[in-house]
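Here the structure is laid out as structure tokens; the discussion comes afterwards.
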Amino acid sequence: FFVWNINEIDVINQRFCVRANVYASWDEDVHNISIQKDSIRYEKSMFAWDPQLRFTNCFERSDDYESWYRVISKNDSSSINPSDLHSSQSQHKAVRVMYCQRIQAWFHEGFELQNFPFDLQHLHIGITSAWDHESVALSFDKQKPTRVSSAALTSQTWEMSDPRLLSYNSDWDADSPPLLSQSTDSASGARYCRAYLAMTISRRPNFILWNVMVIMAMVGFLSFATFALDPADLGDRQACVLTLVLTTVAFKYVTTSMMPEISYVTMMDVVIYS
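Now the structure itself:
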């Protein structure tokens, strides 16, 4: 992968938009590549095999995308033109085929918000192949490392850290997404290999910290003001408490608008309810 931009991070709808290049490479016998006469570039129809890559969590993709192929030498990684591949001077028996696709797409992501607003998120781009795991195993190329542009994320809300690469021979643990599909997910019972790019981002909490959490802490301390009122002034004491409750409800609506519908309590909820 090469990630150009993270265009939008939509926490409420649990999705994000990315513009990126996706690369794939494999070894191919020269005799399996059929070059048409006067071809100046490689086309998909020239190759006997295709990786048939699919995204596992992509739900919307822009029509404005492009793809291209390159053929390079396995010895020195130099590019081989179509006209030179089958020439009499060529001594290549096997070459490496490189495929690139540039996309802009929306991806689903289940945001983990227990520590909101001090949360850390992994934005996963999952990829698989239409070939089963006995035919294709996906792994990241160490000679052409995955990179994220230094200008990929320009946000006042988030900051980016180094990405994680998840495949069968990469950075994977028990909490990571599964690298092999279940046989029950396929009508034929086949299992498919998966790989993930996990872009790590962390929230900048200062806005919520100073505009919500500090104010809610002050509101909580003001609740002790009821003890300064005369116990006989029941109406004033109730009015004070009710005003603080309404203030708490108002701030709860503010924080609810920042998050999706979740079934657990966040750190922000603890501050508000306490």
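If you're matching positions, the sequence shown starts at 2 in the numbering used here and goes up one per residue. C-beta: ideal position from N, C-alpha, C; glycine also. Note that this is a predicted model, so its numbers are computed, not measured.
Reference residue i, options the options, closest by Cα
i	options	result
T248	S189, M268, M219	M219
A49	Y265, L114, S275, I36	I36
V72	I104, W27, W211, R205	W27
I209	P118, Y66, V98, V23	P118
M259	L245, N6, I10	I10
E67	I104, L86, K45	I104
L181	E44, V23, T129	T129
L167	S187, E160, A191, D142	D142
M161	Y24, Q122, A191	Q122
N76	S63, A95, Y70	A95
D65	A131, K45, T147, Q102	Q102
N207	S189, T158, Y265, R238	T158
V271	P52, V19, N116	N116
G190	H32, R97, W132, S275	W132
I1	T256, D120, P261	Within the shown structure, residues of the chain are numbered from 2 to 275, placing residue 1 beyond reach of any answer.
M217	D231, T256, L235, L230	T256
K38	P52, S84, S79	S84
Y100	M200, D51, L230, D234	D51
M269	N212, L54, S136	N212
L54	M47, A21, V137	V137
E29	L86, A21, S63, N22	L86
Bridge-paired residues (DSSP) for residue i
i	result
M99	S26, R71
M200	L124
R238	According to DSSP, R238 bridges with nothing at all.
I34	F48
A251	Beta-bridge pairing links A251 to no other residue.
E61	W107
L210	The partner list for L210 (beta bridge, DSSP) is empty, contrary to what the question assumes.
V279	Because the chain in this structure spans residues 2 to 275, residue 279 falls outside the shown range and cannot be described.
R55	T129
R195	T129
R42	Bridge partners of R42: none, in fact.
R148	F3
Proximity below 8 Å, CB of residue i to CB of residue j
i	j	result
Y193	H125	no
L114	I263	yes
G127	P164	no
F60	W107	yes
C241	A226	yes
S184	V4	no
S224	L245	yes
G111	Q239	no
V98	Y70	yes
A312	S140	Nothing about residue 312 can be reported from this structure: the residues present for the chain run from 2 to 275 only.
Y24	K145	yes
V19	N8	yes
T147	F2	yes
N58	H109	yes
F6	A153	Per the sequence shown, the amino acid found at residue 6 is Asn instead of Phe. Yes, Cβ-Cβ distance for N6 and A153 is below 8 Å.
G221	S275	yes
Simplified DSSP state of residue i, which is helix, strand or coil
i	result
I81	coil
S184	helix
S130	strand
F2	coil
Q105	strand
D11	strand
M161	strand
F222	helix
A153	coil
F228	helix
L167	strand
Contact with chain E by residue i, beta-carbon distance below 8 Å
i	result
P206	No chain E appears in the structure shown, which is made up of a single protein chain.
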